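For the sequence shown, my numbering gives the first residue as -4, with consecutive numbering after it.
Notes to accompany the following structure.
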Amino acid sequence: MMFDYKITKKSKISDARIGIFTTPHGEIETPVFMPVGTVGAVKTMAPKELEEVGAQIILANTYHLYLRPGENLVEKAGGLHNFIRWNKPILTDSGGFQVFSLGEEKINETPRGQTKIKPAEIKDKGVTFYSHLDGSKHFISPEDSIRIQESLGADIIMAFDECPPAGVNYKKVEEAVKRTNLWLKRCIRAKKRKDQALIPICQGGTFRNLREESAKLINSLDLPANAIGGVSVGESKEKIYEVTKWCTQYLDKNKPRYLMGIGYPEDIIEVIRLGIDMFDCVLPTRLARHANVWKFKNFKSNNFYEQINLKDAKYKTDLEPIDKNCNCYTCKTGFSKAYLRHLISENEPLGIHLLTIHNLSFVFSLVSKIKDLIKNNTF
């Protein structure tokens, strides 16, 4: 089979598990963190470096690649794998989330240049939105999203869905679920390529019955994996965990379960415990660009890590690496916090690069530690 998932180990004390997800560009051992390469690159990281820190799969963003450089150029280059020189699995999102969050039209209404925001227009046929680059008007339907993702050529492609923000009332969320279900069926009909796995997204906000309704349809379609969306758009951590638990109960337990937008270390631990297999987030790379790094403290305690900001004056003369026990290139080479702070202060790109290496390595190390605990039935 081109796509297959086998669970190789189940925890005896939680819903955590280890598995192998087979794709055309190789096997992925789950649980897996997927770094986000929005425009076809994980910020500051070359493909070889991503492999070295432990990346098995990366994400790319359909919305951004559609606007620039355009899916036709990527297809002409031989698809994303060839275009960005990454030979392992790639996942592209549908573009839906960005269309809703970035696709507003900004209109100058007064001589003083006050701006009025005109949101993206959502209808059953698709979404009309405005490019965040130049304000140009665009329309994307579920069929368009699939066509674009097929041109990009990732191993895993996402169904076009509507993701309502946190705090929206029941009626609005119910409408979004119905539209997401409608769009999912259209995505399936539009899909032509056999070498790509189409992944549906369970929506329903914080309403349990809507989550169950969404999951029932998804299970009936028997696609290679299932995703959970709309759980990291402003809710509290407690609510994120509660909704995740509902969804893992409702979705097929024999398929990989992908929770979208999860990246804080404490969240990674909790969602893996709840049975999540795949997750992604821009957080490790975004924090690095703002001089924030993670480091382990006592892994066996609740307070197992800390986040430090190297812009803090106390690191100006600190000649120790970020973490003496870390095996990443940044720490192993011995770059001191003082030197890294100096690079950041001078706006030297190398500083961001070295911090990104460390933060990504931290996350991959965290997942590796969790896998060891699952194998020993202590997680």
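Quick reminder that beta carbons are idealized off the backbone N, C-alpha and C, glycines included.
Small disclaimer: the values here were computed from a predicted structure and weren't measured.
Under 7 Å, do Val168 and Leu205 count as touching if we go by C-beta distance? Yes; because the gap between Cβ atoms is below 7 Å, this pair is in contact.
Please report the residue range of the beta strand (DSSP E) in which Ala149 lies. Premise fails: Ala149 is in no beta strand (DSSP E) and is neither H nor E.
In chain order, which alpha helix (DSSP H) runs of at least 4 residues are fully inside the stretch 9 to 52? As far as the stretch 9 to 52 is concerned, its whole alpha helix (DSSP H) runs of at least 4 residues are 42 to 48.
How long is the line joining the alpha carbons of Asn77 and Ala149, rounded to whole angstroms? When rounded, the distance between both Cα atoms is 11 Å.
Residue from Ile194, Ile152 and Ala41 with nearest C-alpha to Asn82: For Asn82, the closest alpha carbon among the candidates Ile194, Ile152 and Ala41 is that of Ala41.
If you follow the beta strand (DSSP E) that Gly121 is in, where does it begin and where does it stop? Looking at the DSSP string, the run of the beta strand (DSSP E) that includes Gly121 is Gly121 to Tyr125.
Length of the line joining the Cα atoms of Arg284 and Phe92: Counting only the Cα atoms, Phe92 lies some 23 Å from Arg284.
Cβ-based neighbour list, Ser360, same chain, cut-off 6 Å, excluding 5 preceding and 5 following: There are no such residues.
Confirm, please, whether the CB-CB distance from Phe28 to Asn266 is below 7 Å. Correcting the residue type first, residue 266 is Val in the shown sequence and not Asn. Going by C-beta atoms, Val266 is not nearer than 7 Å to Phe28.
Relative to the C-alpha of Lys248, which residue among Arg80, Ala192 and Ile213 is closest? Nearest option by C-alpha distance: Ile213.
CB of Asn221 within 7 Å of CB of Arg252, strictly: Closer than 7 Å, so yes.
I need the DSSP call for Thr105, collapsed to helix, strand or coil. Low per-residue confidence applies at Thr105: pLDDT is 48, beneath 50, and the placement is therefore not dependable, though the value from the model is reported in the following sentence. Coil.
Count the other C-beta atoms from every protein chain shown that fall within 10 angstroms of the C-beta of Met(-3), then say buried if there are 16 or more, exposed otherwise. The residue in question, Met(-3), is exposed, as its Cβ has fewer than 16 Cβ neighbours within 10 Å.
Please return the same chain residues whose Cβ sits closer than 6 Å to the Cβ of Val34, not counting the five positions on each side in sequence. For Val34, where only same-chain residues beyond five positions count, the Cβ hits under 6 Å are His59.
Exposure of Phe16, with buried meaning 16 or more beta-carbon neighbours within 10 Å: The residue is buried, with at least 16 neighbouring Cβ atoms inside 10 Å.
Under 8 Å: do the stretch 180 to 192 and the stretch 132 to 146 share three or more Cβ pairs, one atom per stretch? Here the stretch 180 to 192 lies against the stretch 132 to 146, with 3 or more beta-carbon pairs under 8 Å apart.
Kindly list the residues whose CB is nearer than 8 Å to the CB of Asn372, restricted to its own chain and excluding five residues on each side of it in sequence; keep chain order. Excluding positions up to five away in sequence, the list reads Ser6, Lys7 and Ile8.
Cβ distance (whole Å) where Asp313 is taken to contact Ser331 below 8 Å: Rounded, the Cβ-Cβ distance is 7 Å, consistent with contact.
Per DSSP, which one or two residues make a beta bridge with Leu193? Looking at the DSSP assignment, Leu193 forms a beta bridge with Ile152.
Specify, as a first and last residue, the run of the alpha helix (DSSP H) that Val228 falls within. No alpha helix (DSSP H) holds Val228; DSSP gives it neither H nor E.
Residues in its own chain within less than 7 Å of Glu145 by CB, not counting five upstream and five downstream? The residues Lys187, Arg188 and Gln191, in chain order, have a CB closer than 7 Å to that of Glu145 in the same chain once the five nearest residues on each side in sequence are set aside.
Just to confirm before moving on: does the CB-CB distance between Ser231 and Gly256 stay below 7 Å? No.
Quick one: residues in its chain with C-beta nearer than 7 Å to the C-beta of Ile117, no 5 flanking neighbours on either side, listed in chain order? Counting only Cβ-Cβ distances below 7 Å, and skipping sequence neighbours, we find Glu157.
By Cβ distance below 7 Å, which residues in the same chain neighbour Leu193 in space, the five residues on each side in sequence not counted? Only Ile152, Ala154, Cys182, Ile183, Lys186 and Leu218 meet the Cβ criterion.
Collapsed DSSP secondary structure at Arg63 in the structure displayed: Here Arg63 sits in coil by DSSP.
Confirm, please, whether the CB-CB distance from Thr328 to His353 is below 7 Å. With contacts defined by Cβ atoms closer than 7 Å, His353 and Thr328 do not form a contacting pair.
Through-space distance from Lys309 to Ala115, alpha-carbon basis: Using only the alpha carbons, I get a separation of about 46 Å.
Check for me: the beta strand (DSSP E) holding Trp289 runs from which residue to which? Asn287 to Phe291 is the span of the beta strand (DSSP E), which, as asked, contains Trp289.
Closest to Asp(-1) by C-alpha separation, out of Pro19, Gln51 and Gly270, would be which residue? Ranked by how close their Cα comes to the Cα of Asp(-1), the residues Pro19, Gln51 and Gly270 have Pro19 in first place.
Just to confirm my understanding: we take Thr3, look at its own chain, exclude 5 residues before and 5 after, and list those with CB closer than 7 Å. What are they? Result list for Thr3: Ile13, Gly14 and Ile15, in chain order.
Same chain, Cβ closer than 8 Å to Asn381, neighbours up to 5 away in sequence not counted: Lying outside -4 to 374, the shown extent of the chain, residue 381 is not represented and no answer is given.
By the three-class DSSP mapping on this structure, what secondary structure does Arg252 have? Under the three-state reduction of DSSP output, Arg252 falls in the strand class.
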